[in-house]
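J.:
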DNA sequence: GCATAATGCTATGTCACATAACAGTCAATC
DNA sequence: GATTGACTGTTATGTGACATAGCATTATGC
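Residue numbers (this note's numbering), protein chains in the order written: chain A, 1 to 160; chain B, 161 to 320.
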C-alpha cells in the first residue's frame, strides 16, 4: 500500500461546513423572512395577508375543494383555517355548498368578487416579487423556483 | 400609426402570475418551513435550536463581537438575545469581557467548550442539510445559496 | 352493529417575535 | 461643562401565528 495521505474525508466537494453562511438553511430563512415582510406590506392596502390569499387562491384553482383539502395542500392545521374561511366568507369571496354524497364536507366555490379580489391581491404580491427578484435574471428566477420546489416537495405525503 | 395589436403588456417574459405555484415566495416559505422543522429536529439531541446555534457561531466567527452586533448581523431584536446568551453562558460556551474603552459594551469570546459544541451542532445541521438537498447537485446547491443570498442581502443596511 | 376514521369546529396552550421603557454610558453641541 | 441625543444591555409585556386536544356529526369497513 502506498504511503499517501489518507483519503480526503469523503467527496472532494465535501468541504467542511464551518460558517453560518455556508448553510443553505440560513439563507433560506433570511430570504423567507425578507419575502414575508414584503408580502405582508404589499397586501396591507388590500387588508389581507399571505395565508388568506393562499386559501382563496386554492379555492379558485380548485373550485369545490374542501377545507380539509386546502389544509393538506397548504400544510396547515384544520383548526387554523376556520377563522380565515370565516373572514373570506364574510367578505363574500367564496360560497359554501354541501357535498351531495357526504354530509360532512363543505364544497367551496369562489364568487365573482372572490376572483376579482384574488387577482388584485396577486397583482400586489407580484409587484413585491418583481422588486424582490429584480437582481435576478428571468432564468435565475425560474431556476430558484424549481430548486425550492424540489426541496419541500419530496417525502411529505402531501403537496400543493 | 400601424394597426398592430397593442404592445404585449411589457416583457415577453412577463407571463401573468395567476397561480400560487407561480410565486417564488410561496416556495420560499414552504422550503423554509421544511428546513426549519428538520433543523430543529436535528438539533434536538444537542438540546439547542437554530437561533442559539447561530448566535454561538457568530461569537466564534467574530470573537469579541458584542450582543448588539450579533443582533444586527442576524436581524434579531436586542431584547430577544438576552435569554439566549444567558443559556449559552450558563452552559459555559462563551465568556463576557468588558470592553476597555466603552463600559457599555460586553465583548463575547467563545470558550473551548463553545467551539466544540458549535462544531457538533454544525455537524448535526449539516447532516440534515445533506438529506434535505440530496436531490440537488453540488452545483445546484451552490447556485441556490447564491440566489437566496442575493435576495435578502440587498437594500438592508446590515448583512451577515 | 360496532369500531375506526374523516370533517368542520371550539377551546386552549405555546412559543417566537416585537414593542416599550429603563439605567448606565458615550459623544457631540452649544 | 451642562445638556442633548444616541447606544448598550436588560426587563416587562404584548401579540400573533401555530399546534394540540377534544367535540359532535357523518361515513366506511369488518
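Note that CB positions come from ideal geometry on N, CA and C, so glycine has one too.
Which two residues bound the contiguous alpha helix (DSSP H) that contains residue 296(B)?
T.: As a first step, residue 296(B) is located in the second chain; it is residue number 136 there, counting from the start. Careful: residue 296(B) lies outside any alpha helix (DSSP H) and carries neither H nor E.
J.: According to DSSP, is residue 223(B) part of a helix, a strand, or is it coil?
T.: One-based indexing of the second chain puts residue 223(B) at position 63. It is coil, neither helix nor strand.
J.: For residue 293(B), return the contacting residues in chain A, with the cut-off set at a CB-CB distance below 8 Å.
T.: Locating residue 293(B) in the second chain gives position 133, where the first residue counts as 1. Correct list: 24, 151.
J.: My guess is that residue 29(A) and residue 192(B) are in contact by the Cβ rule of under 8 Å, so how many angstroms apart are they, rounded?
T.: Translated into positions along the first chain, residue 29(A) becomes position 29. Translated into positions along the second chain, residue 192(B) becomes position 32. Contact flag correct, Cβ pair sits at about 6 Å.
J.: Since I believe residue 292(B) is in contact with residue 105(A) (beta carbons under 8 Å), could you give me their beta-carbon distance rounded to a whole number of angstroms?
T.: Mapped onto the first chain, residue 105(A) falls at position 105. Mapped onto the second chain, residue 292(B) falls at position 132. Rounded, the Cβ-Cβ distance is 35 Å, inconsistent with contact.
J.: Using a Cβ-Cβ cutoff of 9 Å, what residues of the region 20-54 of chain A are near chain B? List them in chain order.
T.: Cβ contacts with chain B come from 20, 21, 22, 23, 24, 25, 26, 27, 28, 29, 30, 31, 32, 33, 34, 35, 36, 38, 39, 50, 53, 54.
J.: Answer with yes or no whether the minimum CB distance from residue 255(B) to chain A is below 7 Å.
T.: The count along the second chain starts at 1 and reaches residue 255(B) at position 95. Cβ-Cβ to chain A under 7 Å: no for residue 255(B).
J.: Going along the chain, which residues of its own chain have a beta-carbon closer than 8 Å to the beta-carbon of residue 118(A), five neighbours each way excluded?
T.: If you number the first chain from 1, residue 118(A) lands on position 118. 53, 56, 57, 60, 93, 110.
J.: Taking the C-alpha atoms as reference points, what is the distance between residue 241(B) and residue 227(B)?
T.: Numbered from 1 along the second chain, position 81 holds the residue referred to as residue 241(B). Numbered from 1 along the second chain, position 67 holds the residue referred to as residue 227(B). The straight-line gap from Cα to Cα measures roughly 7 Å.
J.: Would you verify that the beta carbon of residue 286(B) is, or is not, closer than 7 Å to some beta carbon of chain A?
T.: In the second chain, counting from the first residue as 1, residue 286(B) sits at position 126. Yes, residue 286(B) lies at the interface with chain A (some Cβ there is under 7 Å from its Cβ).
J.: Report the three-state DSSP secondary structure of residue 97(A) (helix, strand or coil).
T.: Along the first chain, one-based indexing puts residue 97(A) at 97. Strand at residue 97(A).
J.: Terminal residues of the continuous beta strand (DSSP E) containing residue 267(B)?
T.: For the purposes of this step, residue 267(B) is taken as residue 107 along the second chain, with counting starting at 1. Counting along the chain, the beta strand (DSSP E) containing residue 267(B) begins and ends at 266-270.
J.: What does residue 129(A) reach in chain B if we use C-beta pairs closer than 7 Å?
T.: Here residue 129(A) is taken as the residue at index 129 of the first chain, counted from 1. Within 7 Å Cβ-Cβ: 183, 184, 185.
J.: Can a CB atom of chain A be found closer than 7 Å to the CB of residue 268(B)?
T.: As a first step, residue 268(B) is located in the second chain; it is residue number 108 there, counting from the start. Not closer than 7 Å to any Cβ of chain A, the Cβ of residue 268(B) fails to qualify, so no.
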